[in-house]
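Written out below as structure tokens is the structure these notes cover.
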Amino acid sequence: MENLIDLDKHEDDDLRPKRKGTLIIDLEGFEGPLDILLELAREQKVDLIHISILHLADQYLQWVAEARRKNLELAADYLVMAAWLAYLKSRLLLPAQASEEEPSAEEMAAALAFQLQRLEAMRNAGEALIERNSLGLRIFKRGMPETFGKLDEVSYDVTLYDLMKAYGDQMNKHVDQTLHIEPMDLYSMDMAIERLRSFIGNIPEWTMLVQFLPTELKNNLHTRSAIASTFAAALEMARDGKIKIRQSETFGHIYIQSNESRGTEHD
Amino acid sequence: MTDHPVEHLRLLEAVLFASKEPLGEKKLSNYFNEDVDVKALLKTLQEDYQNRGVQLVQRGNAWAFRTAEDLAEKLSEHRANVKTLSRAAIETLAICAYHQPVTRAEIEEIRGVSLSKGTLDVLFEAGWLKPRGRRRTPGRPMTWGTTIEFLDQFGLEKIDDLPGIEELKTAGLLDARPAINAYTVRGEMELPFDHPDQPESEDDFIEEPLDENG
Amino acid sequence: MTDHPVEHLRLLEAVLFASKEPLGEKKLSNYFNEDVDVKALLKTLQEDYQNRGVQLVQRGNAWAFRTAEDLAEKLSEHRANVKTLSRAAIETLAICAYHQPVTRAEIEEIRGVSLSKGTLDVLFEAGWLKPRGRRRTPGRPMTWGTTIEFLDQFGLEKIDDLPGIEELKTAGLLDARPAINAYTVRGEMELPFDHPDQPESEDDFIEEPLDENG
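Here you go:
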């Protein structure tokens, strides 16, 4: 392998926030909530085995609050972690409740501490590994490999990577093929307006809008498009003063009535 | 066509010297009759070269001649181009090395983030990772491990020589299972929790299904 | 930085080993202080290797390590002739591996070009493909699949260990976006190909005795 690793700098080092300072607000260079937690845990300056999860939860919640104050866009993962840590914190502070369903707050805290230790261990292991990177840097292979003339065995210079890459490329090629856009199979608004118009002037009582849906609905998607189109058509016709619309509660049924007739109720 | 051990050593030496890449013991044994103890020959040859500027090194079950590490500084003009690995790639490589065989879900579990496209790619292209079979759990996820080339690149005889691996094992930190399921990489709340304190056989535990588009 | 002759010999040995070309005495002397007699060192090193399987040889004014000439025959008996596969062959092999059993027409359809005569031959000669019976469709076309030798070449235990679509996506070898080849409002996405993890039932094929010449 000629691809070697630079011992001295890693490409995203520059993106890493500086370790100094008490609270890191810069989001760049972090990889998810666990990464932030590990960074915050280091600020406690104790071995991760002795980390205070309660304190860590506070640090994290404070960090999130600060990030939001600065209008940094936090991905959902960060907020979910905040919610979970708030929950864990409350459970750590409350008297223990006997429950066989859930692990105790202490167990949850221990699990989080374990996760942080494990991540830190792998991070250190990665660094130790890079320290050992030697082939082509400190240890060298034969510069002039020899091959011999007479042959009774043939081998091929092809690796699993070559094979996988060839397959991936083939499949990607297909993705890049012509995109066919199939004809729409939806109930259009024009159709809905036409249908609704045929009933106009003939709806003296408040009538549920769904009763005006077309009778032949093919599938779920088609049905949904019919509902949406009919509703939009109703709005359109109400704007033109042809009909009145009523809905008495959120998500309740929608009723329509011809405007010519003398309805008494309206929204 | 003598069977004299010195002739065996000479042939073994020539075969290994001619090759750039480590050669497996199985392949090396093709050069000898069945009754020849190739492993013993390799050990002898290794000793012969022990104090020389070129040494015979073991990489898994493969062997190669390499320059002695203490001469590194004086050989600096042979240094090849250096390619920089991202922090994510280094961490992923370490996880694959220390936790192998390991699934993608486990790598993500340990790092706490989804594997982004291209992280495994670069390690694969370098020839450092290989498939290690599928786990017999629902979804039959692929597992990954490291190659001879990986050992060669980092100057390791075997996986057990990874820096600090014994300590990590003892500390129980080489357990790739989810520590807790309260939150996942996807950020979904999931109760109840798996209990982390009951290690099961490596092959038996059930992977958390991850959204494949991660 | 000792001036001990043994250290000089070790360095000279390593430099010559790692060099990509034979080195002249002048170039070699750059590695040493002015007072070191490189010529004498070379002679000593040459003697050290005199009876070994590898020898230090002089070519004009330049020096290099070469395997001993008397071993040439034994080496060539076994030494593999390393060939490179054409792009078309690698692609065809990959498609056979992922879609087996697969017919020639299917390979051509996936690659979008017709298969030249030699491509399957090369793979067949390498011992990586074998006939997998005829398909029960008009024309009863022959299908192809991979062999044990194929698994050996790529370090796989079984064909199932071949990384699947999802793993290829993770490794960045396959675009992660959904492979839609038709945009439809019927709410179904159409994948262009079967998922290789779900091989078709063997029942779809009739195994027929085939003559060994393929």
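Chains as they are written, first to last, in this note's numbering: chain A, 8 to 274; chain B, 1137 to 1350; chain C, 1137 to 1350.
Beta carbons are placed, not taken as given, at the ideal position from N, Cα and C, and that holds for glycine.
Note that the structure is predicted; figures quoted are calculated from it, not measured.
Within a 10 Å sphere around the beta-carbon of C:Lys-1175 sit fewer than 16 other beta-carbons, which makes this residue exposed. For C:Gly-1254, the uninterrupted alpha helix (DSSP H) run begins and ends at 1253–1261, by DSSP.
Under the three-state reduction of DSSP output, A:Lys-249 falls in the coil class, being neither helix nor strand.
Any Cβ of chain A closer than 8 angstroms to the Cβ of C:Thr-1283 would place that residue at the interface, and such an atom is absent.
At a cut-off of 8 angstroms, the C-beta of A:Tyr-174 has a neighbouring C-beta in chain C. One Cα belongs to B:Leu-1310, the other to A:Val-53, and the distance between them is close to 22 angstroms.
In chain C, no part has a C-beta under 7 angstroms from the C-beta of B:Gly-1248; the shortest such distance is about 17 angstroms. For B:Ala-1176, no chain A residue has a C-beta closer than 8 angstroms to its own C-beta; the minimum C-beta separation is roughly 24 angstroms. Boundaries of the beta strand (DSSP E) harbouring C:Phe-1201: 1198–1203, taken from the DSSP string.
Look at C:Arg-1146 here: in three-state DSSP terms it is helix.
At a cut-off of 8 angstroms, the C-beta of C:Thr-1255 has no neighbouring C-beta in chain A.
Taking the Cβ atoms as the reference, A:Gly-143 lies roughly 4 angstroms from B:Ala-1216, within the contact range of under 8 angstroms. If you compare the alpha carbons of A:Lys-96, A:Ala-135, A:Asn-131 with that of A:Ala-117, the shortest gap goes to A:Lys-96.
Taking all protein chains shown into account, A:Leu-242 has fewer than 16 neighbouring C-beta atoms within 10 Å of its C-beta and is therefore exposed. A distance below 8 angstroms separates the beta carbons of B:Leu-1152 and B:Ala-1200. Ranking A:Asn-179, A:Asp-176, A:Asp-192 by CA distance to the CA of A:Ala-233 puts A:Asp-192 first. Counting of Cβ neighbours within 10 angstroms places B:Asp-1206 among the exposed residues, the total staying below 16.
The residues Tyr-262, Ile-263, Gln-264, in chain order, have a CB closer than 8 angstroms to that of A:Thr-214 in the same chain once the five nearest residues on each side in sequence are set aside. In terms of beta-carbon proximity, A:Thr-257 stays away from the interface with chain C, with every pair separated by 8 angstroms or more.
Look at the beta carbons and you see the stretch 1181–1192 of chain B not touching the stretch 1270–1277 of chain B: under three pairs across the two are nearer than 8 angstroms. The stretch 1301–1308 of chain C makes contact with the stretch 158–178 of chain A: 3 or more CB pairs, one atom from each, lie closer than 8 angstroms. Within 7 angstroms of the CB of B:His-1214, the CB atoms of chain C belong to Ala-1154, in sequence order along the chain. In this structure, B:Ser-1252 lies away from A:Arg-149, with their beta-carbon atoms at least 8 angstroms apart.
Put simply, the backbone Cα of B:Asp-1257 is about 19 angstroms away from that of B:Ile-1246. Counted as a single uninterrupted DSSP element, the alpha helix (DSSP H) harbouring A:Pro-40 occupies residues 39–50.
Between the stretch 46–65 of chain A and the stretch 111–128 of chain A there are three or more inter-stretch CB-CB distances shorter than 8 angstroms, so the stretches are counted as touching. With its beta carbon less than 8 angstroms from one in chain B, A:Ile-146 belongs to the interface.
The C-beta of C:Leu-1292 comes closer than 8 angstroms to at least one C-beta of chain B. For the set C:Leu-1159, C:Leu-1147, C:Glu-1157, C:Tyr-1185, the Cα lying nearest the Cα of C:Phe-1168 is the one of C:Leu-1147. CA-CA distance, A:Lys-225 to A:Gln-218, rounds to 17 angstroms. Excluding its 5 nearest sequence neighbours in each direction, A:Ala-199 has C-beta neighbours in its own chain below 6 angstroms: Ser-236, Thr-237, Ala-240, listed in chain order. Against chain C, the beta carbon of A:Met-88 has no neighbour under 8 angstroms; the closest one sits roughly 24 angstroms away.
The alpha-carbon of A:Ile-207 is positioned some 16 angstroms away from that of A:Met-196.
When C-alpha distances from B:Lys-1266 are compared across B:Gly-1254, B:Thr-1283, B:Thr-1228, the shortest belongs to B:Thr-1283. Nearest neighbour of B:Gly-1189 by Cα position, chosen from C:Leu-1298, C:Trp-1280, C:Glu-1149, C:Phe-1286, turns out to be C:Glu-1149.
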